[in-house]
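Q: Below: one structure in structure tokens.
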């Protein structure tokens, strides 16, 4: 993610995928700036997959997005 992006910006972008968003986070460093990555939780796996297909490899504010599913741990 671009380093100036806030969680609201990420939510606005992913909202355009049409899925129901449950939560959005942007990882912040100790200085309060974005660390360049974040997470978006969707209501359904189908919503998440649609967003992944739509945004993976796309450009957002000058940076190419890499979108993938988080790894789940037991």
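Residue numbers (UniProt numbering): 1 to 74.
Virtual Cβ for every residue (Gly too), placed ideally from N, Cα, C.
Relative to the C-alpha of residue 102, which residue among 51, 60 and 61 is closest?
A: In this structure the chain extends from 1 to 74, so residue 102 is not present and cannot be described.
Q: Considering only C-alpha positions, which residue in the set 14, 44, 20 and 27 is nearest to residue 4?
A: In the chain shown, residue 4 corresponds to position 4, counting from 1. Among 14, 44, 20 and 27, the Cα nearest to that of residue 4 belongs to 27.
Q: Going along the chain, which residues of its own chain have a beta-carbon closer than 6 Å to the beta-carbon of residue 65, five neighbours each way excluded?
A: In the chain shown, residue 65 corresponds to position 65, counting from 1. Short of 6 Å from the beta carbon of residue 65, and not among the five residues preceding or following it, lie these beta carbons of its own chain, in chain order: 55 and 58.
Q: Out of curiosity, what's the CA-to-CA distance linking residue 18 and residue 25?
A: Start at 1 with the first residue of the chain shown, and residue 18 comes out as number 18. Start at 1 with the first residue of the chain shown, and residue 25 comes out as number 25. The alpha-carbon atoms of residue 18 and residue 25 are separated by roughly 18 Å.
Q: Where residue 9 and residue 21 are concerned, what is the direct C-alpha to C-alpha distance, given to the nearest angstrom?
A: As a position in the chain shown, residue 9 is number 9, starting the count at 1. As a position in the chain shown, residue 21 is number 21, starting the count at 1. Spanning the two alpha carbons is a distance of roughly 13 Å.
Q: How big is the Cα-Cα spacing for residue 37 and residue 49?
A: Against the chain shown, residue 37 aligns to sequence position 37. Against the chain shown, residue 49 aligns to sequence position 49. Cα to Cα, the separation comes out at about 18 Å.
Q: What's the gap between the Cα of residue 7 and the Cα of residue 40?
A: What you label residue 7 is simply residue 7 of the chain shown in a count that begins at 1. What you label residue 40 is simply residue 40 of the chain shown in a count that begins at 1. CA-CA distance, residue 7 to residue 40, rounds to 9 Å.
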